[in-house]
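> Line order of the protein sequences matches chains Z and P.
Throughout the first sequence, residue numbering follows our numbering, covering 1 to 378 in sequence.
Throughout the second sequence, residue numbering follows our numbering, covering 1 to 378 in sequence.
To start, I am sharing the structure in question, which I have written as structure tokens.
Number of protein chains: 2
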Amino acid sequence: MSETPDSAVHAVRAYIERHRAAFLDDLAEWLRIPSVSAQPERAGDVRRSADWLAAKLTGTGFATVEVWETAGAPAVFAEWPSDDPDAPTVLVYGHHDVQPAAREDGWHTDPFEPTVVDGRMYARGAADDKGQVFFHTLGVRAHLAATGRTAPAVHLKLLVEGEEESGSPHFRELVEARAGRLAADAVIVSDTGMWSETTPTVCTGMRGVADCEIELYGPDQDVHSGSFGGAVPNPATVAGRIVAALHDADERVAIPGFYDGVTELTDTERALVAELPFDEAAWLRTAKSHGTLGEAGFSTLERVWARPTAEVNGIGGGYQGPGGKTIVPASAHLKLSFRLVAGQDPAKIELAVRDWLAGLVPAGIRYGIVFGAPTRPC
Amino acid sequence: MSETPDSAVHAVRAYIERHRAAFLDDLAEWLRIPSVSAQPERAGDVRRSADWLAAKLTGTGFATVEVWETAGAPAVFAEWPSDDPDAPTVLVYGHHDVQPAAREDGWHTDPFEPTVVDGRMYARGAADDKGQVFFHTLGVRAHLAATGRTAPAVHLKLLVEGEEESGSPHFRELVEARAGRLAADAVIVSDTGMWSETTPTVCTGMRGVADCEIELYGPDQDVHSGSFGGAVPNPATVAGRIVAALHDADERVAIPGFYDGVTELTDTERALVAELPFDEAAWLRTAKSHGTLGEAGFSTLERVWARPTAEVNGIGGGYQGPGGKTIVPASAHLKLSFRLVAGQDPAKIELAVRDWLAGLVPAGIRYGIVFGAPTRPC
């Protein structure tokens, strides 16, 4: 290509602008299909949505378009190889099913009759996720037109599932069964948020989660704190000490090995995040919170987007009723969760937490720890 | 007196042995009165018990014997001044009411028909507290007989209430109203435990209690820990940190000023405690516990008898159901209690706890602390 990136962007935008009306007409047609995956009576509409999308992808020029059956709603797969065999393979993920919607839910217009108000199209799925998915049909055509190519610069694959709004119950099975067809160098999730109307957003990573429940057992039953307190270990006290040991004075997670492998933000990424017009007071309102507190050396956005964390989701033990009751409780429990970033391995985090915990529980307190199924960061 | 203490003790014991049978007959008569303060239908029996005791104290030689009315069951007051005007005044406390009892509760004999089995008298109240109270009638007579006195060596007062087993609901009022009559240099509580059958016991102090409830408020509602965790303060985390800050690495209470004024054990007291045939394994079984842990430098008995403590009686916050829930909880609470020893002032402890707490709660967390009515140590 002889064009500079700027002129290429300009050409793409010009193409999109010229084809805007036809694109919106097509999208509106798709949005009229109430592909509500959670409602069994809409199963036919979900299938109709998959077929509609498959036809449009074929029409766009994708070499391969298939409707993939699952035990639930069908997914759509499409593939358009680059003419450069060395080009990377990019897999775009999206979904064609939508949440239930009715006028009674507070919609000002029919949720399945796309309506333009003040230059914006309103319909169930317009922004989650049919709008984003369908834009790839226009985007790839713009890319070809702007570059003069007849095939994309990358090997392009689309996987558009039909059960995302129902918890993707068959997605893992589908992906595992079709792993060969889905092989890719990069995956783009075309179903995330946007910072604001005027700030296009690229989400470059998703945090994972590991979580655990810890049970601490002290006396075989609650015993009188006047008779035994101060002389036997108290599981509620131990629970508190475990919580206090989660972080150091800089609010960094203090579990040895916790940060091993963490992919750090680059200076460029930090600069980009810092450039965002972030209104912390407005953010605090969405957090329903009355102050910020977190890992020293990082901004609030860096803390919630790109840093691993440890959080107490629940703690309990001993007397919970009104007033006081002077006991050493028989047991206490903790529910902890850890947000993980790229480079962290949930299996290693689990081992690190287990080792750390074993070093914190004193003789005389028995305990158990159970981890839930983790979500890997990416 | 020309007698040595040992010979005086011998004379007292000899007197008691000689009058043992008559004493036990009299005690049995009192034990037959079912003075159950918790049962309204026994109110007449409780009054009969008071009258019976008053008559016996008069017969013993007390110069003044009065039945003191309360809004509930009557108490008995008796006074026997020393003939030495400079002698100290000793007030003995006890109670003449008893707990309910019935054969169905597991009694092998009628609880209100004193029965001697293997040289021990079994009846409700025999050891709590009629036996102890009534022994003062024999004890003072033995003292006089053994010393040749006609009045006790100290100004002796008895206060025997009738509502101890019902929580002493009118006792404070009674004591405050009669404070002048009850003035004393020393108070002996004749209603405590005995180490073992073969080890007579003197309890020289009673620990007091201060307790508080702490509420910690974070976000106005539970918020998602994936969106906000690690960036806003978590009240459950703060609760844990407060708990962890209660003690130092030596398990000493780490609240500044907490030990101010504490009456330390003397070397003699420590030696006496250490001489007791203490079976820690057996004690752990009564504690239902699986290990000991407490203030460094003190034995288990010293810890539970003579040292102040801080204990977590209850802790709670966040998600309590099965499995995990990734939230930053809106609130958390703590129930703490402090055992206090002689020299500690509950009002000062409350101020110390309040100051300490204020220094632990970070910006963004609001809190409240409420103290219950304290019990002063003595």
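Built from N, CA and C at the ideal position, the CB exists for glycine as well.
Note that the coordinates shown come from a computational prediction; the quantities given were computed from them, not determined experimentally.
Tell me whether the beta-carbon of Val353/Z lies closer than 8 Å to the beta-carbon of Pro377/Z.
no
> Does the region 174-188 of chain P come close enough to the region 151-165 of chain P to have 3 or more Cβ pairs within less than 8 Å?
yes
> Nearest-angstrom Cα distance between Leu221/P and Ser225/Z?
Per the sequence shown, the amino acid found at residue 221/P is Gln instead of Leu. Taking the straight line from one Cα to the other gives about 33 Å.
> Among the candidates Pro100/P, Ala142/P, Lys130/P and Asp211/P, whose CA atom is the shortest distance from the CA of Arg18/P?
Checking every option, the nearest Cα to that of Arg18/P belongs to Ala142/P.
> I'd like the list of long-range same chain contacts for Leu57/P, defined as Cβ closer than 6 Å, with 5 residues on each side in sequence excluded.
Val65 and Ala78
> Using a Cβ-Cβ distance cut-off of 8 Å, determine whether Met1/Z contacts chain P.
For Met1/Z, the pLDDT reaches just 43, beneath the cut-off of 50, and the residue's location in the model is therefore unreliable, although a value from the coordinates is still provided. False, the Cβ-Cβ gap to chain P never drops below 8 Å.
> So, at 7 Å on beta carbons, what are the nonlocal neighbours of Val175/P in its own chain, with the 5 sequence-adjacent residues on each side left out?
Leu182
> Would you report the Cα separation of Gly323/P and Gly372/Z, rounded to the nearest angstrom?
8 Å
> Mind checking the region 323-336 of chain P against chain Z and listing, in chain order, the residues whose C-beta falls within less than 9 Å of any C-beta there?
Gly323, Gly324, Lys325, Thr326, Ile327, Val328, Pro329, Ala330, Ala332, His333, Leu334, Lys335 and Leu336
> Assign Met1/Z to one of three DSSP states: helix, strand, or coil.
Note on Met1/Z: pLDDT 43, under 50, position unreliable in the model; the coordinate value appears next. Three-state result, Met1/Z: coil.
> Taking Cβ positions, are Glu215/P and Asp250/P nearer each other than 8 Å?
no
> Got a sec: which bits of the region 95-122 of chain Z sit with their beta carbon under 9 Å from any beta carbon on chain P, in order along the chain?
Of all residues in the region 95-122 of chain Z, none comes within less than 9 Å of chain P when Cβ atoms are compared.
> Between the region 320-336 of chain P and the region 278-286 of chain P, are three or more C-beta pairs nearer than 8 Å?
no
> Buried or exposed: Leu351/Z, going by 16 or more other Cβ atoms within 10 Å of its Cβ?
Under this definition Leu351/Z is an exposed residue.
> Could you give the DSSP three-state label for Tyr380/P: helix, strand or coil?
Nothing can be reported for residue 380/P: it is not among the residues displayed for chain P, which extend from 1 to 378.
> Alpha carbon to alpha carbon, how far is Asp51/P from Ser168/P?
Near 19 Å, if we compare the C-alpha coordinates of Ser168/P and Asp51/P.
> Between the Cα of Ala73/P and those of Asp26/P, Thr115/P, Ser37/P and Thr292/P, spot the shortest distance and give me the residue it belongs to.
Ser37/P
> Hey, does Pro5/Z have any beta-carbon neighbour from chain P nearer than 8 Å?
no
> Hey, quick one: how far does the alpha helix (DSSP H) through Asp191/P stretch, first residue to last?
Careful: Asp191/P lies outside any alpha helix (DSSP H) and carries neither H nor E.
> Output the boundary residues of the alpha helix (DSSP H) element that contains Lys157/P.
That residue, Lys157/P, is in no alpha helix (DSSP H); its beta strand (DSSP E) goes His155 to Glu161.
> Can you tell me which of Thr326/P, Val328/P and Ile315/P puts its alpha carbon nearest to the alpha carbon of Ser337/P?
Ser337/P has its Cα closest to that of Ile315/P, out of Thr326/P, Val328/P and Ile315/P.
> Using a Cβ-Cβ cut-off of less than 8 Å, give me the residues of the region 357-375 of chain Z that come near chain P, in sequence order.
Along the region 357-375 of chain Z, the positions whose C-beta sits under 8 Å from a C-beta of chain P are Pro362, Ala363, Gly364, Ile365, Arg366 and Gly372, read in chain order.
> State the Cα-Cα distance for the pair Ala274/P and Glu280/P, rounded to the nearest angstrom.
12 Å
> Since Pro233/P meets chain Z, which of its residues come closer than 7 Å, beta carbon to beta carbon?
Here the neighbours are Gly291 and Leu293.
> How about the region 120-140 of chain P and the region 16-31 of chain P: do they share at least three Cβ pairs that are nearer than 8 Å?
yes
> Is it right to say Val92/P is buried, meaning 16 or more other beta carbons lie within 10 angstroms of its own, or is it exposed?
By the Cβ neighbour-count rule, Val92/P is buried, with 16 or more other Cβ atoms within 10 Å of its own.
> Do you know whose CA, among Asp105/P, Arg124/P, Gly106/P and Gly119/P, lies nearest Phe112/P's CA?
Arg124/P
> How long is the line joining the alpha carbons of Val328/Z and Thr237/Z, rounded to whole angstroms?
9 Å
> Output the distance between the C-alpha atoms of Ala239/Z and Leu265/Z, rounded to the nearest integer angstrom.
33 Å
> Residue range of the alpha helix (DSSP H) that Glu41/P falls in?
It is not in any alpha helix (DSSP H) - Glu41/P carries neither H nor E in the DSSP assignment.
> Taking all protein chains shown into account, do 16 or more other C-beta atoms lie within 10 angstroms of the C-beta of Ala75/Z, making it buried, or fewer, making it exposed?
buried
> Could you pull out every residue in the same chain whose Cβ sits closer than 7 Å to the Cβ of Ile379/P, ignoring the five residues on either side in sequence?
Only positions 1 to 378 of chain P appear in this structure, which leaves residue 379/P out of reach.
> Please confirm whether Ala310/P and Val262/P have their CB atoms less than 8 Å apart.
No, Cβ-Cβ distance for Ala310/P and Val262/P is not below 8 Å.
> Which partner residues does Ala78/Z have in the DSSP bridge list?
The partner list for Ala78/Z (beta bridge, DSSP) reads Val65/Z and Leu158/Z.
> Have a look at Thr326/Z, Asp45/Z and Ile369/Z and flag the residue whose alpha-carbon is nearest the alpha-carbon of Ala358/Z.
Ile369/Z
> Closer than 8 Å, CB to CB, is Ala347/P near chain Z or not?
Interface flag for Ala347/P against chain Z is unset, since no Cβ pair is found closer than 8 Å.
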